[in-house]
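Working notes, structure below.
Residue numbers (this note's numbering): 650 to 1013.
Right, here's the structure in full:
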């Protein structure tokens, strides 16, 4: 049996951030990941956006960590040469009916502490983005894009420099509470004994919590798939372009993002699924075409399927908005077991802020 101090389950962007931050102060930090490399699921299948924090309810963990994480992430990228671009974004209103929601979004962002939010008129929109259709827009300077693979590579590298270990092909099959910690069993027959266990297992975080003996009836993860389309026909876009978000909080709407090469793609949409399957077809092509053409013109034949991802949402199909669940479980009979469940967007932006929060929990 292998003895470790801190066992982190899951090597997505949040698990790697936790390993990086904890290994600066704690000895013997080990990350286990069931896939063959880091970030194979949600962390590598997303819009790669550094969010500002305008969308989330004041005092929510999503708002707190997004605003804090935005600065931490830009600083980390700058320090460690991770490719990024602070391009900003425009949230566009395309009709008079949307103006009220646009102003409310600005107020929400300001309550969360987001700086430099400005409502601009049609003329200024056209100066910034001549191809975009809008009557007004919210200009968000803090938004950007990042190369998520480079980010995760660099987080892993920094963790390993601090003597953390990241071990792949390690699928957890059982977790048992013992007198001085936890015995964690793996599919290959190995058993680790850990003083601390941190569940950062993304799409499978509810299952890991259940293995440890937690009642997950209110913590079930709902898989919510989103697809992306790309086009080569739209060029010279400088900002990310977003519609107003879905009022129920299921998604931010089918938006236009650029990558670091300036290539344009649209997405993601949002629909709940029962299986982890990254296959794609053109079922939702018409929806994309209609959604995108509200704010920029593109022909249907110029939209090509690009990629898809699956969000680990606590919010089910008919549920109200749910915040992150991040908790040390002493109150539930599991001391030094920390669960991170429902870490969807803005999890990428929040990764380092979440890691700092976990460190504070552990030092209490």
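The beta carbon of each residue, even a glycine, is placed where N, CA and C say it ideally should be.
Could you give the distance in angstroms between the alpha-carbon of residue 841 and the alpha-carbon of residue 680?
In the chain shown, residue 841 corresponds to position 192, counting from 1. In the chain shown, residue 680 corresponds to position 31, counting from 1. A direct Cα-Cα distance of roughly 11 Å separates residue 841 from residue 680.
Measure the C-alpha to C-alpha separation of residue 1047 and residue 772 and round it to an integer number of angstroms.
The question about residue 1047 has no answer here: the residues shown for the chain are numbered 650 through 1013.
Quick check on residue 855: buried or exposed, where buried means 16 or more other Cβ atoms within 10 Å of its Cβ?
The residue labelled residue 855 in the question sits at position 206 within the chain shown. Around the Cβ of residue 855, a 10 Å sphere holds 16 or more other Cβ atoms; the residue is buried.
Take residue 743 and list the residues in its own chain whose beta-carbon comes closer than 8 Å to its own, dropping the five residues that flank it on each side.
The residue labelled residue 743 in the question sits at position 94 within the chain shown. If we look at residue 743 and ignore the five residues flanking it on each side, its Cβ neighbours are 782, 783, 784, 892, 943 and 944.
Just the Cα atoms here: how many angstroms apart are residue 658 and residue 843?
Counting from one through the chain shown, the residue named residue 658 turns up at place 9. Counting from one through the chain shown, the residue named residue 843 turns up at place 194. Here the alpha carbons of residue 843 and residue 658 stand approximately 11 Å from one another.
The stretch 906-919 contacting the stretch 869-876, beta-carbon criterion three pairs below 8 Å:
Enough Cβ pairs lie closer than 8 Å, so yes.
Taking C-alpha atoms, which residue in 838, 879 and 745 lies nearest to residue 786?
By 1-based counting over the chain shown, the position of residue 786 is 137. Distances from the alpha-carbon of residue 786 to those of 838, 879 and 745 put 745 closest.
Residue 807 to residue 819, Cα distance in whole Å?
Residue 807 sits at position 158 when you count from the first residue of the chain shown. Residue 819 sits at position 170 when you count from the first residue of the chain shown. Residue 807 and residue 819: Cα-Cα distance of roughly 21 Å.
Determine the DSSP secondary structure at residue 760, reduced to helix, strand or coil.
As a working note, residue 760 is residue 111 in the chain shown. Helix at residue 760.
Length of the line joining the Cα atoms of residue 1008 and residue 714
As a first step, residue 1008 is located in the chain shown; it is residue number 359 there, counting from the start. As a first step, residue 714 is located in the chain shown; it is residue number 65 there, counting from the start. Between residue 1008 and residue 714, the C-alpha separation is close to 14 Å.
Sorted by chain position, which residues of the same chain lie with C-beta nearer than 8 Å to residue 718's C-beta, five sequence neighbours on each side aside?
For this step, residue 718 is matched to residue 69 along the chain shown. So the list reads 995, 998, 999, 1000, 1001, 1002 and 1003, once near-sequence residues are dropped.
Using 8 Å as the threshold, is the C-beta distance between residue 890 and residue 738 below it?
Sequence index remark: in the chain shown, residue 890 carries index 241 (1-based). Sequence index remark: in the chain shown, residue 738 carries index 89 (1-based). Contact: yes.
Cβ-based neighbour list, residue 592, same chain, cut-off 8 Å, excluding 5 preceding and 5 following
Lying outside 650 to 1013, the shown extent of the chain, residue 592 is not represented and no answer is given.
Cβ distance (whole Å) where residue 758 is taken to contact residue 699 below 8 Å:
Reading the chain shown from its first residue, position 109 is the one you call residue 758. Reading the chain shown from its first residue, position 50 is the one you call residue 699. Rounded to the nearest angstrom, the Cβ distance from residue 758 to residue 699 is 15 Å, too far for a contact under 8 Å.
Which residue's Cα is closest to the Cα of residue 708: 760, 817 and 779?
Sequence index remark: in the chain shown, residue 708 carries index 59 (1-based). Comparing Cα positions, the closest option is 760.
Could you say if the stretch 722-735 and the stretch 792-806 meet the contact criterion of at least three C-beta pairs nearer than 8 Å?
Proximity of the stretch 722-735 to the stretch 792-806 meets the contact definition, three or more beta-carbon pairs being nearer than 8 Å.
Please work out which residues of its chain come closer than 6 Å, Cβ to Cβ, to residue 940, disregarding the five sequence neighbours upstream and downstream, and give them in chain order.
As a working mapping, residue 940 is identified with position 291 in the chain shown. Apart from sequence neighbours up to five positions away, the residues of its chain that approach residue 940 with a beta-carbon distance below 6 Å are 903, ordered along the chain.
Measuring alpha carbon to alpha carbon, tell me which residue in 988, 729 and 850 is nearest residue 683.
What you label residue 683 is simply residue 34 of the chain shown in a count that begins at 1. Answer by Cα proximity: 850.
Under the three-state reduction of DSSP, which class applies to residue 870: helix, strand or coil?
For the purposes of this step, residue 870 is taken as the residue at position 221 of the chain shown. It is coil, neither helix nor strand.
Reducing DSSP to helix, strand and coil, say where residue 942 ends up.
Counting from 1 along the chain shown, the entry for residue 942 is found at position 293. Helix.
CA-to-CA distance, residue 879 to residue 954, given in whole angstroms
Numbered from its first residue, the chain shown carries residue 954 at position 305. Numbered from its first residue, the chain shown carries residue 879 at position 230. Near 6 Å, if we compare the C-alpha coordinates of residue 879 and residue 954.
At what residue ranges does the stretch 771-809 contain a whole run of the alpha helix (DSSP H), taking only runs of 4 or more?
Those alpha helix (DSSP H) runs which fall completely within the stretch 771-809 and span 4+ residues are 771-777.
Kindly provide the ranges of any alpha helix (DSSP H) runs that are 4 or more residues long and lie completely inside the stretch 683-721, ordered along the chain.
You should have found no qualifying run.
Which residues does DSSP pair with residue 865 in a beta bridge?
Taking the chain shown and counting its residues from 1, the one referred to as residue 865 is at position 216. Within the DSSP secondary-structure output, residue 865 pairs in no beta bridge.
DSSP beta-bridge partners for residue 847?
Sequence index remark: in the chain shown, residue 847 carries index 198 (1-based). Residue pairing for residue 847: DSSP places it in a beta bridge opposite 657 and 987.
Within a Cβ cutoff of 6 Å, which residues of the same chain sit near residue 696, ignoring the five residues on either side of it in sequence?
Position 47 of the chain shown, counted from the first residue, corresponds to residue 696. Scanning its chain for C-beta atoms nearer than 6 Å, with the 5 sequence neighbours on each side dropped, one finds around residue 696 the residues 906, in chain order.
Just tell me which of 656, 727, 673 and 651 has its CA closest to the CA of residue 1005.
Here residue 1005 is taken as the residue at index 356 of the chain shown, counted from 1. In this structure, 673 is the residue among 656, 727, 673 and 651 with its C-alpha nearest to the C-alpha of residue 1005.
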